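Enquirer: Before anything else, here's the structure in question.
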Amino acid sequence: MPGLPGSRKIMVVDDEETIADTLALIFSSNGYDARSTYSAEQALETLEEWKPDLAIIDVVLPGMNGIEFAIFLKASYPDVHFLLFSGQPGTGGLLEEAKKKGHLFEILAKPLHPTFMLATVANMLSAPPIDASHLPN
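Residue numbering for the sequence shown follows full-length UniProt numbering, beginning at 1 and increasing consecutively.
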């Protein structure tokens with residue numbers, strides 16, 4: 001069944017390998033097929049062979065940042081859900097820049113409790129991806 005965790009794929013994108021691997025382990029331990037990647041570029045390579053149902057993306061990444069990666073995902077893989085998170089203050093500038101280009105995002109603050117993260121992911125995967133393209137800038 002499409003709603004069961006075991007049939008759902010989650011990609012964690014975080015340059016802090018311990019965080020990425022820990023989140024992937026938490027999701028795997030709860031029945032999801034989870035993989036960790038450590039940059040947007042590595043995530044792009046993974047997308048060529050393995051398409052997730054949801055990507056959990058750190059905002060502050062080397063190279064392509066998480067917001068740029070989310071914009072790419074939204075355009076190229078509209079059926080993939082994504083969740084942005086960050087442990088660094090000052091990501092508001094990136095949000096404002098994205099908003100000027102017509103992209104609205106919410107960023108969750110690290111650290112996230114595993115129970116909250118699991119509930120958030122379950123809720124996101126039970127709903128269709130949000131299409132914000134019709135919303136005013």
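Positions of the beta carbon are idealized from the N, C-alpha and C atoms, including for glycine. Remember, predicted model here, so these are calculated numbers, not experimental data.
1. Would you mind reading off the limits of the alpha helix (DSSP H) that contains A75?
2. Per the DSSP calculation, T37 is bridged to which residue(s)?
3. By alpha-carbon positions, which one of L108, T37, V60, P62 ends up nearest to K51?
4. Taking 8 Å as the cut-off, decide whether the C-beta atoms of I107 and F82 are in contact.
5. How would you label F69, buried or exposed, when you count the other beta carbons within 10 angstroms and need 16 or more for buried?
6. What is the DSSP secondary structure of L61, reduced to helix, strand or coil?
7. Taking the alpha-carbon positions, what's the V59 to K74 distance?
8. Helix or strand or just coil, what does DSSP make of L112?
9. Is A127 helix, strand or coil by DSSP?
10. Just how far apart, CA to CA, sit H113 and T22?
11. Report yes if the CB atom of G63 is closer than 8 Å to the CB atom of E41, and no otherwise.
12. Per the DSSP calculation, S86 is bridged to which residue(s)?
Expert: According to the data block:
1. 66-76
2. V13
3. T37
4. no
5. buried
6. coil
7. 15 Å
8. coil
9. coil
10. 12 Å
11. yes
12. A109
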